[in-house]
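With the first letter of the sequence shown counted as 1, position 365 gets the number 365 in UniProt numbering; the numbers rise by one all the way through. We treat Cβ as the ideally placed atom computed from N, Cα and C, and that holds for glycine. Just so we're clear, the structure is a prediction, and the values are computed from it rather than from any experiment. A quick write-up on the structure given underneath.
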Amino acid sequence: QLDKVEQYRRREARKKASVEARLKAAIQSQLDGVRTGLSQLHNALNDVKDIQQSLIDVNKDWRQSINTIENLKDVKDAVVQHSQLAAAVENLKNIFSVPEIVRETHDLIERGELLQAHRKLMDLECSRDNLMYEQYRMDSKNTHDMNLIHTYFGDMQKLSEELAKQLWMVVQRSLVTVRRDPTLLVSVVRIIEREEKIDRRMLDRKKQTGFIPPGRPKKWKEKMFNILDRTVSTRIEGTQADTRESDKMWLVRHLEIIRKYVLDDLLVAKTLLDQCFPPNYDIFNKLLNMYHQALSTRMQELAAEDLEANEIVSLLTWVLNTYKSTEMMGNSELSPEVDVNSLDALISQNVVDQLLSKYMSTLTSNIIGWLRKALETDKKDWIKETEPEADQDGYYQTTLPAIVFQMFEQNLQVAAQINEDLKTKVLLLCLQQMNSFLTRYKDEAQLYKEEHLKNRQYPQCYVQYMIAVINNCQTFKESIISLKRKYLKLEMEDTLSSSHASMDATLDIIAKEGCCSLLDEVFMDLEPHLNELMTKKWLMGCNAVGTICVTVEDYFNDFSKIKKPYKKTMTIEAHRRVVVEYIRAIMLKRISFKNAEERKEGAERMIKEAEQFRFLFKKLAAGSGEDTEGLCGIIEAIAEVIKLTDPSLLYLEVSTLVSKYPDIRDDHIAALLTVRGDASRDMKQTIIETLDQGPSQPNPNYVPIFKEITVPTLTVPKLLK
């Protein structure tokens with residue numbers, strides 16, 4: 001492209017010219033900077049030379065003036081002295097008027113014008129402090145002058161103490177004063193605040209100069225809180241107006257007064273007192289903490305005393321429940337400032353456990369004593385000549401069950417006030433002691449019976465009180481169930497099942513022995529008439545069975561006062577024993593029928609008397625569902641054996657008897673055949689041997705009766721004769 005060579009040449013020439021121009025400009029700029037720098041260095045050199053010359057001149061002048069400065073020391077001392085004298089002149093008026101100001105201040109304090117008195121006291125202190133400060137500045141080691149000033153202002157310290165005494169009296173009565181004259185309390189707080197500011201100012205000056213006036217810092221704010229703390233403690237301790245010797249309820253009264261005072265004081269503190277103090281004092285919360293601490297101390301002191309069981313309960317109930325309840329700290333008027341959940345416990349858990357342990361130990365001793373006393377009282381009733389009381393259904397009873405379970409109820413209600421755990425422990429304790437008590441009750445009932453047997457005329461109402469003892473057993477059973485249902489949780493039932501079963505068994509034994517002793521009483525009266533059965537006199541037509549029935553019915557008129565479970569048992573047992581005694585009379589072989597006529601007459605009489613017994617016990621057992629047929633049927637079956645006229649059928653009749661009553665023994669059969677009077681020795685032997693060889697298939701529902709009846713041997717009647 002040769003045609004463009006010229007164009008390229010011009011373009012390269014322009015570039016070269018541009019580069020050369022920029023290079024020249026840069027070199028020129030560099031040269032200008034070097035020129036300026038050289039000029040500034042030259043000027044700086046001249047300035048340094050000027051300064052050097054000035055310093056030489058100053059040094060020369062200073063050396064020449066040293067002697068002059070030393071000659072001015074006297075002037076300096078004169079200036080300091082002038083300053084001190086100026087301060088003295090300034091305070092001279094106050095210094096000369098100190099005695100007068102002291103008197104005026106004293107009068108103001110006596111008149112109760114505390115703010116004005118404090119103002120004058122502050123002026124006096126200010127004068128003294130300024131003088132002492134100036135003296136300290138002049139000669140801090142000159143204690144003589146310091147003491148002189150301190151002595152001159154000595155009355156001022158007494159004024160300060162007197163004023164403080166008045167302040168603390170107001171503070172001690174602050175909860176009363178705030179209701180009557182809140183202005184006075186506000187004045188006291190203002191004075192304390194003034195003193196706090198002066199304390200802070202003096203402490204700051206001490207950091208700077210090392211000087212602090214005597215008596216500073218006063219720390220009146222701290223003292224005020226200490227006074228309040230002591231006042232609260234004294235108020236709590238001073239609420240005990242009685243002792244145990246003068247009033248059994250001393251602790252309950254003491255705790256109630258504390259509750260009322262503390263609640264009233266805190267309500268006043270919240271509504272009135274809080275307004276008289278600066279917010280930074282936090283007066284309500286501080287008072288709350290003071291009361292809590294004072295209460296804690298007092299409760300620990302009470303816990304350390306030798307408290308009785310009811311006093312321990314009162315204390316624990318108050319500490320664990322009342323304190324945080326709506327009756328005290330949980331009162332709605334104290335919220336939200338007081339949060340009961342944030343309050344610490346008044347006494348430690350360890351102390352609570354110790355008190356509970358002591359309570360349980362004391363309660364155990366008390367319950368044992370109460371039960372023993374209740375039983376002794378009940379025993380005295382047993383020998384009275386008047387019948388026992390009857391309940392609304394007419395059943396005889398004594399007050400023993402009511403006394404025992406009223407005592408249990410009271411202790412359980414008291415324990416429930418503390419907590420559920422203690423309530424359960426007390427219930428277990430009551431039932432445990434009840435178990436032991438029932439054993440003693442059983443023994444005493446047995447002794448009662450034995451004493452009566454020594455002289456059946458005494459006690460006069462033995463039967464009625466024995467009935468009451470039997471009925472008490474049923475009452476005890478019902479009361480135990482009621483107590484458990486009321487105070488025992490369902491999940492705890494299993495833990496007491498064995499104990500409950502043991503008590504029921506003991507009560508059943510007491511009732512059974514009581515029933516037996518009453519029946520013994522009946523049969524002792526029946527004994528002469530039972531002895532007439534199956535004798536010649538009986539065969540001749542004596543009315544022994546009629547008398548027996550009348551006597552039994554008469555006794556059962558009293559026995560109607562026995563409660564149903566035991567009355568039914570009583571009726572069944574009486575029926576059984578009458579039949580047993582009748583059969584025993586047969587087996588005693590008091591009579592031996594001589595001929596068929598006598599056997600018929602005797603058998604018919606036996607059947608008739610069995611019917612009398614059946615009618616009697618059917619009447620006595622009315623509504624009880626007792627089977628009155630079976631037992632009397634034994635007498636009739638024996639009568640059939642005696643009545644039999646054909647001796648060849650005797651074996652069949654006897655075998656029928658044996659099949660019905662499988663517990664009949666050989667000696668019973670032999671005695672029965674002896675009473676018949678027509679069976680030879682060989683016949684008896686044959687019948688007995690034949691019956692022994694036959695199979696015996698007893699009725700599973702049959703209750704043995706012959707096993708109780710013994711047959712006398714041949715020698716016994718001879719010995720008796």
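Identify, in the order they occur along the chain, each residue of the same chain with its Cβ nearer than 6 angstroms to the Cβ of residue i, setting aside the five sequence neighbours on each side.
i       : result
Asp-265 : Leu-175
Val-186 : Cys-276
Tyr-395 : Asn-471, Lys-561, Lys-563
Ala-415 : Leu-422, Lys-423, Val-426
Thr-151 : none
Leu-287 : Ala-269
What is the residue span of the alpha helix (DSSP H) that residue i lies within?
i       : result
Phe-593 : Where Phe-593 is concerned, there is no enclosing alpha helix (DSSP H), given that its DSSP letter is neither H nor E.
Trp-220 : 220 to 237
Glu-420 : 420 to 454
Thr-297 : 283 to 304
Cys-542 : Where Cys-542 is concerned, there is no enclosing alpha helix (DSSP H), given that its DSSP letter is neither H nor E.
Ser-174 : 174 to 180
Leu-488 : No alpha helix (DSSP H) holds Leu-488; DSSP gives it neither H nor E.
Val-5   : 5 to 70
Asn-321 : Note, Asn-321: premise wrong, no alpha helix (DSSP H); not H, not E.
Ala-269 : 250 to 271
Pro-99  : 98 to 111
Using the beta-carbon count (16 or more within 10 Å), is residue i buried or exposed?
i           : result
Pro-459     : buried
Trp-62      : exposed
Ile-56      : exposed
Val-19      : exposed
Ser-314     : buried
Phe-153     : buried
Ile-510     : buried
Thr-231     : buried
Ser-246     : exposed
Ala-610     : buried
Asp-339     : exposed
Val-463     : buried
His-144     : exposed
Glu-125     : buried
Ala-17      : exposed
Ile-480     : buried
Ala-505     : exposed
residue 722 : Since the first residue of the chain shown is 1 and the last is 721, residue 722 is not available in this structure.
Measuring alpha carbon to alpha carbon, tell me which of the options ends up nearest residue i.
i       : options                            : result
Tyr-702 : Ala-445, Leu-320, Tyr-555, Gly-630 : Gly-630
Phe-284 : Ala-25, Asp-229, Lys-4             : Asp-229
Glu-572 : Phe-556, Met-587, Ser-357          : A small correction: the amino acid at residue 572 is Ile; Glu does not occupy that position in the sequence shown. Among Phe-556, Met-587, Ser-357, the Cα nearest to that of Ile-572 is on Phe-556.
Lys-486 : Leu-672, Ser-325, Leu-412          : Leu-412
Phe-405 : Asp-421, Leu-422, Trp-370, Glu-420 : Trp-370
Glu-444 : Asp-504, Met-328, Asp-378, Phe-153 : Asp-378
Arg-577 : Arg-103, Gly-112, Ile-705          : Ile-705
Glu-478 : Gln-157, Asn-366, Leu-507, Asp-306 : Leu-507
Ile-638 : Tyr-661, Ala-622, Pro-647          : Tyr-661
Glu-376 : Thr-231, Glu-597, Tyr-441, Asn-350 : Tyr-441
Tyr-281 : Met-224, Leu-355, Lys-24           : Met-224
Asn-435 : Ile-368, Glu-385, Lys-489          : Ile-368
His-500 : Ile-418, Leu-428, Tyr-136          : Leu-428
Ala-309 : Met-249, Pro-99, Gly-210           : Met-249
Glu-521 : Val-189, Thr-551, Asp-678          : Thr-551
Lys-517 : Lys-197, Glu-451, Asn-366          : First, the amino acid is wrong: residue 517 is Ser here, not Lys. Comparing Cα positions, the closest option is Glu-451.
Trp-318 : Ile-607, Gln-300, Asp-306          : Gln-300
Near residue i, what residues of its chain come up, given a Cβ to Cβ distance below 7 angstroms and the 5 sequence neighbours on each side ignored?
i       : result
Phe-408 : Cys-430, Leu-483
Gly-514 : Ala-445, Met-466, Val-469, Ile-470
Pro-712 : Leu-588
Thr-105 : Ala-117, Lys-120, Leu-121, Leu-159
Arg-216 : Asp-199, Met-202
By Cβ distance below 8 angstroms, which residues in the same chain neighbour residue i in space, the five residues on each side in sequence not counted?
i       : result
Gln-612 : Val-545, Gly-546, Cys-549
Gln-397 : Pro-388, Glu-389, Ala-390, Asp-391, Ala-468, Asn-471, Asn-472, Thr-475
Lys-15  : none
Val-641 : Leu-650, Glu-653, Val-654, Leu-657, Leu-672, Arg-676
Check your understanding: Quick one: complete beta strand (DSSP E) runs, 3+ long, within the region 329 to 369?
Key -> none
**Study point:** Any alpha helix (DSSP H) of 4 or more consecutive residues that is wholly inside the region 641 to 705
**Key:** 650 to 660, 666 to 676, 681 to 693
Point to revise | Complete runs of the alpha helix (DSSP H) confined to the region 387 to 422 [at least 4 residues] | key: 400 to 418, all fully within the region 387 to 422.
Practice item. Note down, one range per segment and in chain order, each alpha helix (DSSP H) of at least 4 residues found wholly within the region 505 to 557. Key: 536 to 539
Practice item. Could you tell me which uninterrupted beta strand (DSSP E) segments, each at least 3 residues in length, are contained entirely in the region 155 to 218, listed from first to last along the chain? Key: none
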